[in-house]
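Before any comments, here is the structure.
4 protein chains.
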Amino acid sequence: MDSIEKLTEHFKEFPGIGERQAKRFVYFLMAKNPNYSENLAKLILDLKKEISQCKECFRFFNIGMRKENTCDICSDSRFDESMLMIVEKDSDLESVKKSRFYNGKYFVLGGLVPIVEKSTPSRIRLNELKDKIKNKKNLKEIILAFSLSPQGDHTDMYLKGQLTELAESLKIKVSSLGRGLSTGTELEYSDNETIKNALKNRQ
Amino acid sequence: MDSIEKLTEHFKEFPGIGERQAKRFVYFLMAKNPNYSENLAKLILDLKKEISQCKECFRFFNIGMRKENTCDICSDSRFDESMLMIVEKDSDLESVKKSRFYNGKYFVLGGLVPIVEKSTPSRIRLNELKDKIKNKKNLKEIILAFSLSPQGDHTDMYLKGQLTELAESLKIKVSSLGRGLSTGTELEYSDNETIKNALKNRQ
Amino acid sequence: MDSIEKLTEHFKEFPGIGERQAKRFVYFLMAKNPNYSENLAKLILDLKKEISQCKECFRFFNIGMRKENTCDICSDSRFDESMLMIVEKDSDLESVKKSRFYNGKYFVLGGLVPIVEKSTPSRIRLNELKDKIKNKKNLKEIILAFSLSPQGDHTDMYLKGQLTELAESLKIKVSSLGRGLSTGTELEYSDNETIKNALKNRQ
Amino acid sequence: MDSIEKLTEHFKEFPGIGERQAKRFVYFLMAKNPNYSENLAKLILDLKKEISQCKECFRFFNIGMRKENTCDICSDSRFDESMLMIVEKDSDLESVKKSRFYNGKYFVLGGLVPIVEKSTPSRIRLNELKDKIKNKKNLKEIILAFSLSPQGDHTDMYLKGQLTELAESLKIKVSSLGRGLSTGTELEYSDNETIKNALKNRQ
Chain A
642 MDSIEKLTEH FKEFPGIGER QAKRFVYFLM AKNPNYSENL AKLILDLKKE
692 ISQCKECFRF FNIGMRKENT CDICSDSRFD ESMLMIVEKD SDLESVKKSR
742 FYNGKYFVLG GLVPIVEKST PSRIRLNELK DKIKNKKNLK EIILAFSLSP
792 QGDHTDMYLK GQLTELAESL KIKVSSLGRG LSTGTELEYS DNETIKNALK
842 NRQ
Chain B
642 MDSIEKLTEH FKEFPGIGER QAKRFVYFLM AKNPNYSENL AKLILDLKKE
692 ISQCKECFRF FNIGMRKENT CDICSDSRFD ESMLMIVEKD SDLESVKKSR
742 FYNGKYFVLG GLVPIVEKST PSRIRLNELK DKIKNKKNLK EIILAFSLSP
792 QGDHTDMYLK GQLTELAESL KIKVSSLGRG LSTGTELEYS DNETIKNALK
842 NRQ
Chain C
642 MDSIEKLTEH FKEFPGIGER QAKRFVYFLM AKNPNYSENL AKLILDLKKE
692 ISQCKECFRF FNIGMRKENT CDICSDSRFD ESMLMIVEKD SDLESVKKSR
742 FYNGKYFVLG GLVPIVEKST PSRIRLNELK DKIKNKKNLK EIILAFSLSP
792 QGDHTDMYLK GQLTELAESL KIKVSSLGRG LSTGTELEYS DNETIKNALK
842 NRQ
Chain D
642 MDSIEKLTEH FKEFPGIGER QAKRFVYFLM AKNPNYSENL AKLILDLKKE
692 ISQCKECFRF FNIGMRKENT CDICSDSRFD ESMLMIVEKD SDLESVKKSR
742 FYNGKYFVLG GLVPIVEKST PSRIRLNELK DKIKNKKNLK EIILAFSLSP
792 QGDHTDMYLK GQLTELAESL KIKVSSLGRG LSTGTELEYS DNETIKNALK
842 NRQ
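Chains as they are written, first to last, in my numbering: chain A, 642 to 844; chain B, 642 to 844; chain C, 642 to 844; chain D, 642 to 844.
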């Protein structure tokens, strides 16, 4: 395999990129001047150097001037410590943060729990989450915030089962994001589950 | 205009049908045997004869053996009279009915309230709705059930404004379908409004 | 089945229409005033009365004032009798006619020859075509004009096989539409067959 | 701008990539292990080192063991020297090469001629092409091979005008890729230009 093919293979791993577009990326880079490629390579290497994973919430963050091992949210007391939102991945967290409707802390679970899996999944940070809950003072509410897919739904139920006892003993409420009509939902074409939730949660 | 062109024009009025597909429909009918066309024409005429608009909820219904002017829902006491769901159109009603999660009565508003319109819109059945609320005994809750579009949202607010006083005087609750994540919503790509509602309505 | 369901079933047979859109058509008709439905039903019936199938080319045409059994193209001497274009269906003919780049006569085959079929297909008008070729004086060229799909390609080859001997004996040329790049073809994404044809037919 | 934002900006320049997907690429890289990023950066740098632009056809090629400045096609006598195909870009060349229906040499023009541009465009390699034609012995045919877009069509005409005199003086034929139906073309939905070409190039 020459470098064109190798690079194509790498780009094919990028989310949402197939063979054809991976190849186009390589041709694009070949036609660009060398400066562009050098910058790009440098930025990719810098990303790993300048990015650290927060020891508190497992989110990736820009180290910048920061000396600590914790991200700008975890180390900033203006974010409400009494609330902890559990999300699947960094991009979910960014999406909620950008909305400015939530001002609490976060915890990145690192994945969803597959429906078929029987044993406690090792791929999510369940133990880290339990430790965090135990050690966090002032925590009053845990918000489970997963996408409304079969796996997201399953993860929601799984975590409820895993956390209920612990949360109750610490008098922490466990809630899930509300369900119902979302922007753009047309009643005519809604699935039964959405109609059920919209009715149940009417107000 | 010959009959091909005239019929094409008619089919172009069908929802979601453009010039090209309207023409295909005409060619399709030309190639079908005469029986098919006769049946189709008869069914279209029958529809108007066999369908009546319910005097209670303004839904279209199949007359069938029914002697009354009211549809099978309005005349059936197994549907809960204490609840009244306000929908925009027949197909919304069918969608909710099919879900089997709602067992109350309905009222078809006949449209949504455009955002720009200042005067009380004559295109929706506001007076008919008010009359119905006044005359309906045992009514305990009105559920506003509109699609989550700018117009649906506006209609929701408009009706709340129009009905609050009347409803309060009659001790009737006015609610709206719940909002939040709907089936398929991915947190990463959610708009701010959906995130706000999902957070507000968490439980 | 009531008339709503029956009419939905009928609309589902329309080209490109599924269950959901068929239902929307029915609701659309229910909400329209009775005049609209009556007009539509009348036009559908009129179509069959006012449309006849040409005895010469098997195209559907508007009878209008015409007393004859032949369409306006077949009975009009301004269309070049020395050329005969064989098309699959009426809408293909209309498309070529509208382009104004062809001024000869047409013959509607009534279908394509499925690839798997072994026996002479009864579904296309092969005998009628052969009769027409034999009886038509002044015919100099037959143009096979089918869509470039596997079936269209197969029909092209099949007809060449069926017509060659007859055409040669009458000194009639048999040609097929040219192949190569069509409007919008991007070289980068072209399939091998298109590249082959574009190269072979370069000029 | 931190490194996340900078890298997002870079990925946004990739062909077909918008803000959202650029961001996903960055998150994808953050979550991957450091090895992956190092490999990717190395491959991007290697690409520029291992890739050279052919002095003959301006195509990018893998240097590999090759000492020369010419690519594997230009330096291989098994490719027919009597034919020269002019393409817009490397990916068009790869597409034709992969089809195995052409065995001649290539020339990468480096772009298309915009329709509105009056002055001789400096962005395409017109002078280099003319020099090549003058110096190439045994050249018998130049094939213009551009996508069938308005710009591709314009470039075809522009080059014909620029090359005709030179080509005639050297007795070199100038041809263009054939036009007509391409794979998947449906006669019913064809534009007039495609029908015209298909008719003109019938055979």
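Backbone N, C-alpha and C define an ideal beta-carbon position, used for all residues, glycine too. In this text the structure is predicted, and so the values were computed from the model without any measurement.
On the DSSP bridge list, what partners appear for residue i?
i: SER693/D; result: PHE702/D
i: PHE666/C; result: BP columns for PHE666/C are empty, so no partner.
i: ARG719/A; result: None, per the DSSP bridge assignment.
i: GLY745/D; result: ASP721/D
i: ILE784/D; result: MET726/D and SER816/D
i: LEU686/C; result: LEU686/C pairs with nothing; no bridge assigned.
i: LEU822/A; result: ARG820/B
Within 10 Å of its beta-carbon, does residue i have 16 or more other beta-carbons around it, so buried, or fewer, so exposed?
i: ALA682/A; result: buried
i: TYR830/B; result: exposed
i: LYS812/D; result: exposed
i: GLU809/D; result: exposed
i: GLU650/B; result: exposed
i: SER718/C; result: exposed
i: LYS689/C; result: buried
i: GLU654/A; result: exposed
i: GLU660/C; result: exposed
What residues of chain A sit near residue i, judged by a beta carbon separation below 9 angstroms?
i: ARG665/D; result: PHE655, PRO656, GLY657 and SER732
Near residue i, what residues of its chain come up, given a Cβ to Cβ distance below 8 angstroms and the 5 sequence neighbours on each side ignored?
i: ALA786/C; result: MET726, ILE727, VAL728, ASP733, VAL737, SER817 and LEU818
i: ILE774/B; result: LEU725, LEU780, ILE783, LEU804, LEU807, ALA808, LEU811 and ILE813
i: GLY793/A; result: GLU729, LEU753 and PHE787
i: LYS801/C; result: LEU785, VAL815 and SER817
i: MET642/D; result: GLU650
Is residue i near residue j, with beta carbons less than 8 angstroms apart?
i: SER790/A; j: ILE685/D; result: no
i: GLU722/D; j: LYS746/D; result: yes
i: ARG820/A; j: ILE784/B; result: no
i: LEU740/C; j: LYS841/D; result: Residue identity differs from the one stated: residue 740/C is Ser in this sequence, not Leu. Going by C-beta atoms, SER740/C is not nearer than 8 angstroms to LYS841/D.
i: PRO656/B; j: ARG700/C; result: no
i: GLU827/D; j: SER788/C; result: yes
i: THR805/B; j: LEU822/B; result: no
i: ASP687/A; j: TYR668/D; result: no
i: LEU770/A; j: PHE748/A; result: yes
Starting from residue i, find everything on chain C with Cβ-Cβ shorter than 8 angstroms and list it in chain order.
i: ASN833/B; result: Those within 8 angstroms of ASN833/B in chain C number zero; the least Cβ separation is about 30 angstroms.
i: ILE645/B; result: LEU688, ILE692 and ASN703
i: VAL754/D; result: Result: empty, since nearest Cβ-Cβ is about 16 angstroms, beyond 8 angstroms.
How would you list, in chain order, the residues of chain D whose beta-carbon sits under 9 angstroms from the beta-carbon of residue i?
i: SER790/C; result: THR824, GLY825, THR826 and GLU827
i: TYR747/A; result: Residues of chain D passing the Cβ test: none, with the nearest at roughly 15 angstroms.
Near residue i, what residues of its chain come up, given a Cβ to Cβ distance below 7 angstroms and the 5 sequence neighbours on each side ignored?
i: ASP713/A; result: PHE702
i: HIS795/D; result: VAL754 and ILE756
i: LEU752/A; result: A quick correction: the sequence has Gly, not Leu, at residue 752/A. Cβ within range, chain order: GLU729, ARG764 and ILE765.
i: SER716/B; result: GLU709
i: PHE720/B; result: ILE714, ASN744, GLY745 and LYS746
i: GLU691/C; result: ASN703 and ILE704
By the criterion of Cβ-Cβ separation under 8 angstroms, what are the contact partners of residue i in chain A?
i: MET642/D; result: Correct list: empty, because the minimum Cβ distance to chain A is about 10 angstroms.
i: TYR668/D; result: PHE701, LYS730, ASP731 and SER732
i: ALA786/B; result: LEU828 and ALA839
Under the criterion of a Cβ to heavy atom distance below 7 angstroms, does residue i qualify as lining the ligand ZN?
i: LYS690/A; result: As for the ligand ZN, it is missing from this structure, which has no ligand bound.
Note down, in chain order, each residue of its chain lying with its Cβ closer than 6 angstroms to the Cβ of residue i, except the 5 sequence neighbours on either side.
i: ARG833/A; result: Going by the sequence as given, residue 833/A is Asn instead of Arg. Taken in chain order, the list of residues that qualify is empty.
i: CYS695/A; result: PHE702, THR711, CYS712 and CYS715
i: MET671/C; result: none
Anything in chain F within Cβ reach of residue i, meaning under 9 angstroms, just list it in chain order.
i: MET671/A; result: This model lacks chain F altogether, as its protein chains are A, B, C and D.
Please list, in chain order, the chain D residues whose beta carbon lies closer than 8 angstroms to that of residue i.
i: ILE685/A; result: LEU648, LEU670, SER678, LEU681, ALA682 and ILE685
i: LYS613/C; result: Nothing about residue 613/C can be read from this structure; chain C reaches only from 642 to 844.
Quick one: which chain B residues come within Cβ less than 8 angstroms of residue i?
i: PRO675/C; result: LYS689
Output, in chain order, the set of chain C residues within a Cβ distance shorter than 9 angstroms of residue i.
i: LYS841/D; result: PHE742 and GLY819
i: SER816/D; result: ARG843 and GLN844
Using the beta-carbon of each residue, which ones in chain C are nearer than 7 angstroms to residue i?
i: GLN662/B; result: GLY657
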